[in-house]
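This note's numbering puts the first residue of the sequence shown at 7, with every later residue one more than the last. Glycine included, every Cβ here is placed at the ideal spot set by N, Cα and C. Fair warning: this is a prediction, and the values are worked out from it, not measured in the lab. Contents: one structure, followed by commentary.
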Amino acid sequence: MEINYSFKKLPIQGNGVKLQEDIFIRSITSGLEVKFSEAFKETMHRFDLKGADIAERSGLTAAQISLFRKGQNLRIDNLERILEAMPQEAKEYMLLLVAGNDEAANALLHKNPPAKSGDNS
(Lines of atoms letter the chains of each structure in order from A and count residues from 1; the text may use other names and numbers.)
(Lines give C-alpha, C1' and ligand atoms only; values in the text may rest on other atoms or scores of the structure.)
Protein backbone atom coordinates (compact mmCIF):
# COMPACT_ATOMS: atom_id res chain seq x y z
CA MET A 1 0.00 0.00 0.00
CA GLU A 2 1.39 3.36 -0.97
CA ILE A 3 0.66 6.28 1.33
CA ASN A 4 0.58 9.86 0.11
CA TYR A 5 1.57 12.21 2.92
CA SER A 6 1.28 15.44 0.96
CA PHE A 7 -0.99 18.26 2.09
CA LYS A 8 -3.03 20.00 -0.56
CA LYS A 9 -3.33 23.78 -0.51
CA LEU A 10 -6.84 25.14 -0.61
CA PRO A 11 -7.95 28.56 -1.79
CA ILE A 12 -6.94 31.41 0.47
CA GLN A 13 -9.36 31.87 3.33
CA GLY A 14 -9.02 34.97 5.47
CA ASN A 15 -5.37 35.95 5.86
CA GLY A 16 -3.68 32.75 4.79
CA VAL A 17 -3.76 29.40 3.08
CA LYS A 18 -5.65 26.76 5.01
CA LEU A 19 -4.38 23.20 5.00
CA GLN A 20 -7.35 20.93 5.35
CA GLU A 21 -6.74 17.96 7.61
CA ASP A 22 -9.54 15.82 6.21
CA ILE A 23 -8.00 15.88 2.71
CA PHE A 24 -4.73 14.68 4.27
CA ILE A 25 -6.52 11.97 6.21
CA ARG A 26 -8.42 10.81 3.12
CA SER A 27 -5.18 10.62 1.15
CA ILE A 28 -3.50 8.36 3.70
CA THR A 29 -6.56 6.19 4.28
CA SER A 30 -7.71 5.79 0.69
CA GLY A 31 -5.75 2.54 0.35
CA LEU A 32 -7.12 1.02 3.54
CA GLU A 33 -9.16 -2.15 3.20
CA VAL A 34 -11.74 -1.35 5.89
CA LYS A 35 -13.04 1.94 7.21
CA PHE A 36 -12.27 2.70 10.85
CA SER A 37 -15.97 2.77 11.70
CA GLU A 38 -16.54 -0.66 10.11
CA ALA A 39 -13.55 -2.11 11.95
CA PHE A 40 -14.80 -0.53 15.18
CA LYS A 41 -18.26 -2.05 14.75
CA GLU A 42 -16.79 -5.50 14.05
CA THR A 43 -14.40 -5.22 17.00
CA MET A 44 -17.20 -4.16 19.36
CA HIS A 45 -19.16 -7.23 18.26
CA ARG A 46 -16.25 -9.71 18.39
CA PHE A 47 -15.06 -8.58 21.81
CA ASP A 48 -18.56 -8.00 23.19
CA LEU A 49 -17.72 -4.40 24.06
CA LYS A 50 -20.43 -1.96 25.08
CA GLY A 51 -20.61 1.54 23.66
CA ALA A 52 -21.46 2.97 27.08
CA ASP A 53 -18.29 1.44 28.56
CA ILE A 54 -16.09 2.80 25.77
CA ALA A 55 -17.77 6.20 26.13
CA GLU A 56 -17.12 6.28 29.87
CA ARG A 57 -13.46 5.23 29.53
CA SER A 58 -12.77 7.55 26.59
CA GLY A 59 -14.56 10.63 27.90
CA LEU A 60 -16.75 10.76 24.79
CA THR A 61 -20.52 10.64 24.87
CA ALA A 62 -22.48 7.48 24.15
CA ALA A 63 -24.03 9.37 21.22
CA GLN A 64 -20.58 10.04 19.70
CA ILE A 65 -19.68 6.36 20.01
CA SER A 66 -22.99 5.33 18.45
CA LEU A 67 -22.63 7.72 15.52
CA PHE A 68 -19.08 6.52 14.84
CA ARG A 69 -20.25 2.92 14.99
CA LYS A 70 -22.87 3.83 12.35
CA GLY A 71 -20.22 5.27 10.04
CA GLN A 72 -20.13 8.96 10.90
CA ASN A 73 -16.73 10.65 10.77
CA LEU A 74 -14.79 11.21 13.96
CA ARG A 75 -11.93 13.56 14.71
CA ILE A 76 -8.51 11.91 14.96
CA ASP A 77 -8.07 12.85 18.62
CA ASN A 78 -11.42 11.23 19.45
CA LEU A 79 -10.41 8.08 17.56
CA GLU A 80 -7.23 7.98 19.64
CA ARG A 81 -9.32 8.29 22.83
CA ILE A 82 -11.50 5.37 21.71
CA LEU A 83 -8.45 3.23 20.97
CA GLU A 84 -6.96 4.03 24.39
CA ALA A 85 -10.25 3.00 26.04
CA MET A 86 -10.25 -0.43 24.38
CA PRO A 87 -8.59 -3.57 25.75
CA GLN A 88 -5.20 -4.18 24.09
CA GLU A 89 -6.33 -7.25 22.11
CA ALA A 90 -9.40 -5.43 20.80
CA LYS A 91 -7.29 -2.43 19.78
CA GLU A 92 -4.83 -4.69 17.92
CA TYR A 93 -7.69 -6.55 16.23
CA MET A 94 -9.33 -3.32 15.06
CA LEU A 95 -6.11 -1.90 13.63
CA LEU A 96 -5.33 -5.18 11.85
CA LEU A 97 -8.77 -5.02 10.22
CA VAL A 98 -8.19 -1.44 9.12
CA ALA A 99 -4.85 -2.44 7.61
CA GLY A 100 -6.54 -5.26 5.72
CA ASN A 101 -4.63 -7.99 7.53
CA ASP A 102 -7.56 -10.36 8.10
CA GLU A 103 -5.26 -13.35 8.54
CA ALA A 104 -3.43 -11.75 11.46
CA ALA A 105 -6.71 -10.48 12.93
CA ASN A 106 -8.18 -13.99 12.85
CA ALA A 107 -4.99 -15.45 14.34
CA LEU A 108 -5.23 -12.91 17.15
CA LEU A 109 -8.82 -14.00 17.84
CA HIS A 110 -7.83 -17.68 17.96
CA LYS A 111 -4.79 -16.97 20.13
CA ASN A 112 -6.75 -14.81 22.62
CA PRO A 113 -10.45 -15.59 22.26
CA PRO A 114 -12.48 -12.66 23.58
CA ALA A 115 -14.38 -13.31 26.80
CA LYS A 116 -18.11 -12.86 26.40
CA SER A 117 -20.19 -11.00 28.98
CA GLY A 118 -21.40 -13.35 31.65
CA ASP A 119 -18.58 -15.83 30.95
CA ASN A 120 -17.51 -17.16 34.35
CA SER A 121 -14.42 -19.03 33.20
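- When secondary structure is reduced to three states using DSSP, Gly57 falls in the helix class.
- The Cβ neighbour count for Ile88, taken over all protein chains shown within 10 Å, is at least 16; the residue is labelled buried.
- In this structure, the CA atom of Ile82 is about 12 Å from the CA atom of Phe74.
- Around the beta carbon of Ala45, 16 or more other beta carbons sit within 10 angstroms, so the residue counts as buried.
- Around the C-beta of Gln70, 16 or more other C-beta atoms lie within 10 Å, and the residue is accordingly described as buried.
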